[in-house]
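A short worksheet on the structure shown next.
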Amino acid sequence: MTQFLEGPQGRRIAYNRIEGQGPGVVFLGGFRSDMQGTKALWLEDWARARGRAFLRFDYSGHGESSGMFEEGAIGDWFADAMAAIRGLTEGRQVLVGSSMGGWIGLLLARTMPERLAGLVTVAAAPDFTERGYWAGFSAAERAALLERGRVEQPSDYGDAPYVITRRLIEDGRDHLVLDQPLPLPFPVRFLQGTEDADVPMSWALDLLAHGKGEDMRLVLVKGADHRFSTPDCLALIGDALDEVLARAG
Numbered sequence: 001m002t003q004f005l006e007g008p009q010g011r012r013i014a015y016n017r018i019e020g021q022g023p024g025v026v027f028l029g030g031f032r033s034d035m036q037g038t039k040a041l042w043l044e045d046w047a048r049a050r051g052r053a054f055l056r057f058d059y060s061g062h063g064e065s066s067g068m069f070e071e072g073a074i075g076d077w078f079a080d081a082m083a084a085i086r087g088l089t090e091g092r093q094v095l096v097g098s099s100m101g102g103w104i105g106l107l108l109a110r111t112m113p114e115r116l117a118g119l120v121t122v123a124a125a126p127d128f129t130e131r132g133y134w135a136g137f138s139a140a141e142r143a144a145l146l147e148r149g150r151v152e153q154p155s156d157y158g159d160a161p162y163v164i165t166r167r168l169i170e171d172g173r174d175h176l177v178l179d180q181p182l183p184l185p186f187p188v189r190f191l192q193g194t195e196d197a198d199v200p201m202s203w204a205l206d207l208l209a210h211g212k213g214e215d216m217r218l219v220l221v222k223g224a225d226h227r228f229s230t231p232d233c234l235a236l237i238g239d240a241l242d243e244v245l246a247r248a249g
């Protein structure tokens with residue numbers, strides 16, 4: 001049953017949690033996704049079958065949480081994630097970050113490493129507001145963003161376009177992770193599909209090269225797309241979690 005946490009600045013964060021052994025697992029969803037997605041629900045079943053504590057939640061402006069998506073930014077969603085982990089989990093956690101959730105997971109690793117037992121990312125998209133949107137905008141789109149405060153981008157995941165705001169871009173610059181040292185002092189597994197149309201495979205290689213840790217691996221899956229939700233891909237996420245948990249001790 002969905003419950004609610006009073007989050008930062010009065011934002012109401014919707015979540016589902018199951019009790020179990022630790023380290024717990026926390027799922028961090030992607031940009032404009034929610035905790036009812038295929039990976040989130042599959043992971044909950046995975047955790048329940050193993051008696052493992054598990055948390056999934058919606059960032060503000062996503063799913064059942066309060067707020068408007070277009071008013072949010074990376075810093076807000078990072079703060080929501082911190083509040084959820086601090087308020088709803090105990091002890092060390094293994095984060096599973098999907099797409100933007102991978103970026104959020106890296107920010108959490110930088111900010112609260114003592115609470116992390118490991119990290120698994122799926123098509124991680126660190127710094128995507130800058131490396132993806134801003135870098136890909138035409139001169140006209142950049143001008144429109146600066147003048148009007150927003151531009152619309154087509155979406156492959158529904159009829160409604162994505163509204164990209166000036167605040168999202170500027171706030172993203174305050175939360176970049178690839179422009180400074182990125183210590184990852186715990187087991188880390190990056191998963192990436194070679195046919196991902198949203199996150200280039202080169203980004204996964206950049207992240208592997210940039211992160212500093214003794215136990216980091218990248219798994220490339222030929223033919224997998226950004227959703228990474230086929231039965232085989234979901235099984236790979238479970239395998240990565242099993243490996244990280246075994247090594248986390």
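The opening position of the sequence shown corresponds to residue 1 in UniProt numbering, with each subsequent residue numbered one higher. We put the beta carbon where it would ideally sit given N, CA and C, even for glycine.
Are residue i and residue j closer than 8 Å when you measure CB to CB?
i      : j      : result
Ala49  : Gly24  : no
Pro185 : Pro113 : yes
Ile13  : Ser98  : no
Val120 : Arg189 : yes
Arg92  : Gly29  : no
Arg247 : Pro183 : no
Val96  : Leu241 : yes
Ala84  : Tyr15  : yes
Val94  : Leu236 : no
Trp103 : Phe128 : yes
Gly51  : Gly72  : no
The ligand MN heavy atoms versus the CB of residue i: any closer than 7 Å?
i     : result
Phe69 : Only the bare structure without any ligand can be found here, which leaves the ligand MN out of the picture.
For residue i, which option in the options has the closest C-alpha, if you only look at C-alpha atoms?
i           : options                        : result
Asp239      : Gly91, Gly211, Trp42, Glu195   : Trp42
Gly10       : Ala248, Leu55, Gly61           : Gly61
Leu176      : Leu145, Glu243, Ala139, Gly105 : Gly105
residue 250 : Ile74, Ala140, Glu90           : Residue 250 is absent from the model: the chain starts at 1 and stops at 249.
Trp203      : Arg217, Ala123, Asp242         : Ala123
Leu192      : Pro181, Gly172, Gln180, Val219 : Sequence check: residue 192 is Gln here, not Leu. If we check each option's Cα against that of Gln192, Val219 comes out closest.
Leu207      : Gly72, Asp215, Leu178, Tyr133  : Leu178
Gly213      : Ala143, Ala117, Trp134, Asp127 : Ala117
Met201      : Ile237, Asp215, Lys222         : Lys222
Trp134      : Pro161, Gly172, Ala109, Leu108 : Gly172
His210      : Gln180, Leu234, Thr89          : Gln180
Leu5        : Leu107, Phe31, Asp58           : Asp58
Pro161      : Ser138, Gln3, Phe31, Glu243    : Phe31
Leu234      : Trp46, Glu243, Leu108, Pro154  : Trp46
Thr89       : Leu107, Leu108, Arg115, Gly67  : Arg115
Let me know if residue i comes out buried or exposed under the rule of 16 or more other beta-carbons within 10 Å of its beta-carbon.
i      : result
Ala125 : buried
Glu44  : buried
Asp174 : exposed
Gly136 : exposed
Arg217 : exposed
Thr111 : exposed
Ser33  : buried
Arg56  : buried
Asp232 : exposed
Met100 : buried
Gly87  : exposed
Arg142 : exposed
Leu146 : exposed
Ala140 : exposed
- Could you give the uninterrupted runs of the alpha helix (DSSP H) lying entirely in the segment 21-77, keeping only those of 4 residues or more? DSSP runs (the alpha helix (DSSP H)) wholly in the segment 21-77: 38-50.
- Could you say if the segment 164-174 and the segment 138-153 meet the contact criterion of at least three C-beta pairs nearer than 8 Å? Touching, yes.
- Task: Report yes or no: do the segment 34-42 and the segment 72-84 share at least 3 C-beta pairs separated by less than 8 Å?
- Result: Contact between the segment 34-42 and the segment 72-84 is absent, because fewer than three Cβ pairs lie under 8 Å.
- Message: Closer than 8 Å is the cut-off here; do at least three beta carbon pairs connect the segment 225-233 with the segment 194-204?
- Response: With the cut-off at 8 Å, the segment 225-233 and the segment 194-204 touch.
- Task: Scan the segment 181-220 and note each continuous alpha helix (DSSP H) run of 4 residues or more that stays entirely inside, going in chain order.
- Result: Counting only runs of 4 or more, we get 201-210.
- Message: At 4 residues or longer, what runs of the alpha helix (DSSP H) sit wholly inside the segment 71-157?
- Response: The qualifying runs are 74-88, 100-111, 139-148.
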